[in-house]
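There are 2 protein chains.
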Amino acid sequence: MTGRLGRPRISVYIAHSVDGYIADRDGSLDWLFTRAALEGEDYGYEEFMASVDGLAMGRATWDFIADEPSLPFGDRRVYVFTHRAARPRDGVEFWSRTPQEAVAQWQAAGLNRVYVDGGRLISDFLAAGLVDDLVLTVVPVLLGSGSRLFHEIPVLTSLALESSQAYSNGVVQLRYRRTWH
Amino acid sequence: MTGRLGRPRISVYIAHSVDGYIADRDGSLDWLFTRAALEGEDYGYEEFMASVDGLAMGRATWDFIADEPSLPFGDRRVYVFTHRAARPRDGVEFWSRTPQEAVAQWQAAGLNRVYVDGGRLISDFLAAGLVDDLVLTVVPVLLGSGSRLFHEIPVLTSLALESSQAYSNGVVQLRYRRTWH
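So the protein lines, in turn, are chains A and F.
Each residue of the first sequence is one higher than the one before, starting from 0 at the first, in numbering that gives the first Met the number 0.
Each residue of the second sequence is one higher than the one before, starting from 0 at the first, in numbering that gives the first Met the number 0.
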């Protein structure tokens with residue numbers, strides 16, 4: 000079942016600074032773990048992951064975790080979008096496909112919901128009009144520079160706010176779904 | 000009285016899209032009025048303005064309003080930061096000063112709180128470490144491209160969340176103050 004979309008739902012779940020960066024100028028995520036850590040709080044990550052049966056990421060995100068002895072994705076399928084050769088790994092497919100081609104493949108494979116991660120790949124899926132919902136976790140800092148979450152694309156995406164939640168450490172989580180006007 | 004800072008408080012109050020744009024690719028603010036309009040709701044603007052005795056803006060923001068027969072700023076002083084010649088106007092000073100020089104001037108003039116507006120000028124003040132608080136009104140749309148609120152600067156600014164408020168139309172207002180760690 001792929002639901003009323005007739006294709007897998009494409010979802011974003013990502014943390015960014017107030018000025019829209021997902022990694023600092025050194026490519027590091029340390030700022031995130033320092034500033035967003037909150038005892039006993041996972042910001043809905045486990046619940047979100049439980050709803051997902053596929054993960055897609057760009058090459059930069061993959062390279063960040065490629066050397067981990069075990070990947071924290073359970074038996075979910077993992078798709079790395081890259082044009083460059085990569086060392087094969089069990090359970091991971093390396094794709095050089097457009098978002099449209101990828102979604103068609105996921106639909107054929109019977110996936111319900113795919114988590115698209117990484118700034119560049121998210122923007123590619125947004126540019127293709129294929130992102131259905133976003134969970135954005137806004138960390139109370141202006142990094143000033145680094146890797147941006149949202150790259151420039153020629154497509155406008157209308158959103159509806161599903162919820163906003165503030166945490167005691169100043170993190171705010173905004174949940175949006177795509178609308179069609 | 001300039002309060003415990005020993006200088007005027009420097010404040011930002013601005014609306015942006017979820018992907019961080021303040022104007023669309025045509026330089027227009029129409030998207031904002033269409034998507035954020037909410038009957039009887041001014042998102043705290045009047046209250047904010049009542050606390051302000053000076054307004055600073057960049058040249059792009061000024062050019063947007065320069066031809067208005069009357070400016071909606073009451074008797075507040077207006078400072079336009081520009082390196083280019085501009086047609087003089089009563090109550091408006093055209094400055095080619097650094098943020099540090101400007102703040103010293105405002106302090107000498109006895110101002111309490113200055114509203115700094117416009118993406119480029121806000122980033123200049125952030126880069127100088129001179130922004131004390133921000134009210135960010137997040138409009139539920141990804142514009143994809145346009146004028147960014149936050150330009151790349153080499154300075155990190157730690158923030159504390161003062162409040163977050165969601166409105167029925169999906170707008171979320173986040174209020175932050177600067178912290179020093």
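Every residue, glycine too, gets a C-beta built ideally from N, C-alpha and C.
{"Item": "Applying the 10 Å Cβ sphere with the 16-neighbour rule, what's the burial state of A:M0?", "Value": "Note that A:M0 has pLDDT 44, beneath the 50 cutoff, so the model's placement of it is unreliable and no number is given."}
{"Item": "Between the region 152–170 of chain F and chain A, which residues of the former have CB atoms less than 7 Å from a CB of the latter, in chain order?", "Value": "I152, P153, V154, L155, T156, S157, L158, A159, L160, S163, A165 and G169"}
{"Item": "Does the Cβ of F:L135 have 16 or more other Cβ atoms within 10 Å, making it buried, or fewer, making it exposed?", "Value": "buried"}
{"Item": "Tell me which residues of the region 21–33 of chain F have at least one Cβ-Cβ distance to chain A shorter than 7 Å, keeping chain order.", "Value": "none"}
{"Item": "Ordered along the chain, which non-local residues of its own chain (more than five positions away) have a Cβ less than 7 Å from that of F:S16?", "Value": "V138, V140, L141 and L142"}
{"Item": "Classify A:A107 as helix, strand or coil using the three-state DSSP reduction.", "Value": "helix"}
{"Item": "Comparing C-alpha positions only, which one of F:I21, F:D29, F:W30 and F:P7 sits nearest to F:V51?", "Value": "F:P7"}
{"Item": "Comparing C-alpha positions only, which one of F:L173, F:N168 and F:G145 sits nearest to F:E38?", "Value": "F:N168"}
{"Item": "Can you tell me the Cα-Cα spacing of A:W30 and A:R24, whole angstroms?", "Value": "11 Å"}
{"Item": "If you reduce the DSSP assignment to three classes, tell me which class F:R76 lands in.", "Value": "strand"}
{"Item": "Let me know the beta strand (DSSP E) ranges lying completely inside the region 108–139 of chain F, each 3 residues or longer, listed in chain order.", "Value": "112–116 and 132–138"}
{"Item": "What residues in its chain sit with their C-beta under 6 Å from that of F:A55, if we drop five residues either side in the sequence?", "Value": "Y78, V113 and V115"}
{"Item": "For A:F47, which residues in the same chain have their Cβ closer than 7 Å to its Cβ, ignoring the five residues on either side in sequence?", "Value": "Y12 and V134"}
{"Item": "Note down, in chain order, every chain F residue with its Cβ under 8 Å from the Cβ of A:D18.", "Value": "G19, L148 and F149"}
{"Item": "Give me the Cα-Cα distance between F:S162 and A:H82, rounded to the nearest whole angstrom.", "Value": "44 Å"}
{"Item": "Establish whether the CB of A:P139 and some CB of chain F are separated by less than 8 Å.", "Value": "yes"}
{"Item": "State the Cα-Cα distance for the pair F:A85 and F:L125, rounded to the nearest angstrom.", "Value": "25 Å"}
{"Item": "Tell me whether F:G118 is buried or exposed, calling it buried when 16 or more other Cβ atoms sit within 10 Å of its Cβ.", "Value": "buried"}
{"Item": "I'd like to check one pair, A:A127 with A:Q99: are the Cβ atoms closer than 8 Å?", "Value": "yes"}
{"Item": "What does the alpha-carbon distance come out to for the pair A:R174 and A:I152?", "Value": "21 Å"}
{"Item": "F:A65 to F:R75, Cα distance in whole Å?", "Value": "16 Å"}
{"Item": "Only counting the same chain, and skipping five residues up and downstream in sequence, which positions put a Cβ closer than 8 Å to that of F:L4?", "Value": "D131"}
{"Item": "Between which two residues does the beta strand (DSSP E) harbouring A:W94 extend?", "Value": "V91 to W94"}
{"Item": "Cα-Cα, which of A:R176, A:R147, A:Y166 and A:R177 is closest to A:Y20?", "Value": "A:R147"}
{"Item": "I'd like to know if F:Y12 contacts chain A, where contact means its C-beta is closer than 8 Å to some C-beta of that chain.", "Value": "no"}
{"Item": "Any idea what DSSP makes of A:I152, helix, strand or coil?", "Value": "coil"}
{"Item": "Give the DSSP-derived three-state secondary structure of A:Y166 in the structure shown.", "Value": "coil"}
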